[in-house]
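Using UniProt numbering, you'd call the opening residue of the sequence shown number 1 and step up by one each time. From the three backbone atoms N, C-alpha and C, an ideal C-beta is built for every residue, glycine too.
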Amino acid sequence: MSLFEKPARKLFINHCSKLKQVGSHHQKNYRSWTLSYKNKIFPVELIWIQGSIVKVLKSADSFIINDSTGTATIVSASKAPGYGSWITNDQYAMVIGEVLSTETNIEIRAMKLTMLSDLNPEALWKLEVQDFWNFLAKS
């Protein structure tokens, strides 16, 4: 199964620091992580985060996003579907990607980018993430 066929887990950025790497599928070119939540362990290969872009880095291939729980560096942005000139400071965005590192800085390889401009996407996102994890914990 390719990485693109894996489910994207809705996370807050601070959840990424709690991920435990369980392996790297070199033949499949992706990393596997787990996240413990309410005494259950969930596999995590792809993540879905949302937040405000706080800094577009000079390379223009990466940016820093903040979801109010933490920040993450998004890399390989120009290779992801959805990349465009809309990637600017203060823009609210959705990122689906692969976690590359959680050690000193959360680093995520972008696999899909979407500009979000709803009236209050941040408030809705907090509820979506909580609802998602409560659903998983019950199943």
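Which residue or residues does DSSP assign as beta-bridge partners of residue i?
| i | result |
| --- | --- |
| L113 | V95 |
| V56 | F63 |
| A8 | L46 |
| T71 | N66 |
| I41 | S36 |
| I108 | I74 and V99 |
| G51 | A93 |
Terminal residues of the continuous beta strand (DSSP E) containing residue i?
| i | result |
| --- | --- |
| A77 | Premise fails: A77 is in no beta strand (DSSP E) and is neither H nor E. |
| N66 | F63 to N66 |
| L35 | Y30 to Y37 |
So for residue i, helix, strand or coil by DSSP?
| i | result |
| --- | --- |
| I13 | helix |
| E128 | helix |
| E122 | helix |
| K18 | coil |
| W133 | helix |
Given residue i, which residues of its chain have a CB within under 8 Å of its CB, disregarding the five upstream and five downstream residues?
| i | result |
| --- | --- |
| V75 | D61, S62, L100, E107, I108, R109 and A110 |
| L3 | K28, N29, Y30, E45, L46, E98 and M111 |
Here's a check: name, in chain order, each residue in its chain whose Cβ is nearer than 7 Å to the Cβ of residue i, leaving out the five neighbours to either side.
| i | result |
| --- | --- |
| V56 | F63, I87, T88 and N89 |
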